[in-house]
Amino acid sequence: MSLPAYTSTGERIWFYAYRIFCGLVFFFLIAPIIVIIPLSFNAVPFFSFTEEMLRFDPAGYSLRWYNDFFTNPNWQGAVKNSIIIAFFSTILATFLGTVAALGLSRSDMPFKSTIMGLLISPMIVPLIISAAGMYFFYSKVGLQGTFPGVILAHTALGTPFVVITVTATLSGFDQVLVRSAASLGANPTTTFFRIIVPLILPGVISGALFAFITSFDEVVVVLFVGSYEQRTIPWQMFSGIREQISPTILAVATMLVLVSIALLTVLELLRRRAERLRGMTPQ
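Put into structure tokens, the structure is as follows:
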């Protein structure tokens with residue numbers, strides 16, 4: 030947005046000051062993430078910018094930590110566990126969250142606000158409290174230290190994101206389409222899969238991606254509920270910081286940042302698609 034030529038000096042100063050302030054805030058938020066990228070290519074076994082790196086000397090850079098990630102069985106086991114746990118917890122969270130959102134979208138649903146509050150409570154309650162509660166409950170039923178226990182715990186954390194995104198999608202859903210389908214002879218099953226599902230699919234996929242990211246990045250609950258056999262990438266990173274300060278952690282963090290950027294790009298594309306389906310101009 031360009032500054033209009035007719036604005037006063039005070040407005041011009043405010044125009045530039047506001048943008049400089051926004052730029053500084055953005056830099057403050059993004060700098061801690063950006064700084065780990067060059068450090069992940071460090072040739073020395075500690076977290077520091079070496080003299081060679083400051084001089085942009087190739088001798089100061091190395092791919093040894095990325096190689097360690099792809100060849101170390103501990104890291105590869107953590108990747109496998111993270112993918113398995115995130116995959117199944119995402120499927121469960123997507124199914125449960127979508128069904129709950131469809132039920133909450135009904136105008137005759139009783140105690141709608143109360144049920145919605147209960148469904149999103151895992152997002153509100155401090156994670157350490159949820160983790161402690163899950164630990165004691167799962168210990169009683171024999172799920173503590175098992176893959177099903179961790180998957181169910183991450184499902185509970187991811188379901189609120191699906192509920193919120195699908196509910197937001199359904200808020201702009203035109204119920205006239207359902208009544209029109211019924212008047213043309215379509216049964217409820219056909220109406221659901223031919224009309225409702227295509228329109229809410231962007232919200233469902235967005236919620237599923239949020240649930241996947243939540244599971245893939247979570248560390249507190251898995252430390253309480255899981256065991257070493259269920260160690261995930263965040264668990265491995267946390268253990269690496271406590272036991273051995275290895276720059277491999279920075280290489281993993283860099284790759285996770287790239288994965289997050291890719292997922293956020295997908296979410297933005299889905300948002301634009303949802304707006305087009307509603308007849309809106311994507312912003």
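Residue numbers (this note's numbering): 30 to 312. Glycine included, each C-beta is placed from N, C-alpha and C at the ideal position.
Ranked by Cα distance from residue 126, the first of 147, 50 and 256 is 147. With distances taken between CA atoms, residue 241 lies nearest to 111 out of 298, 228 and 111.
Nearest neighbour of residue 113 by Cα position, chosen from 61, 180, 192 and 151, turns out to be 180.
DSSP places residue 96 within a helical segment (H, G or I) once states are collapsed to three. Taking residue 123 as reference, the option from 193, 141 and 170 with the minimal CA-CA separation is 193. In the DSSP assignment, residue 39 falls within the alpha helix (DSSP H) that extends over 38–63. Residue state for residue 103 is assigned as helix, using DSSP reduced to three classes. Inclusion of residue 141 and residue 133 in the CB contact set at 7 Å is warranted, their separation being smaller than that value. Annotation: residue 252 to residue 150 spans about 21 Å, alpha carbon to alpha carbon.
A straight line joining the alpha-carbon of residue 182 with that of residue 228 spans about 30 Å. Looking at the DSSP output, residue 71 shares a beta bridge with 90.
Taking a cut-off of 8 Å for Cβ pairs, the region 155–170 and the region 93–100 do not touch, as fewer than three such pairs fall below it. Residues 275, 277 and 278 of the same chain have their beta carbon placed closer than 8 Å to that of residue 269, with the five preceding and five following residues left out of the count. Here the alpha carbon of residue 267 sits roughly 28 Å from the alpha carbon of residue 170.
In the displayed model, residue 246 falls within a helix according to three-state DSSP.
Take residue 173, set aside five residues on each side of it, and the residues of its chain with a beta-carbon closer than 7 Å to its own are 164, 167 and 254, in chain order. In this structure, DSSP gives residue 259 a helical state, which the three-state scheme calls helix. Residue 177 carries a helical assignment under DSSP once its states are collapsed to helix, strand and coil. Sequence-distant partners of residue 206 (beyond 5 residues in either direction) whose C-beta falls short of 6 Å from its own C-beta, in its chain, are 224.
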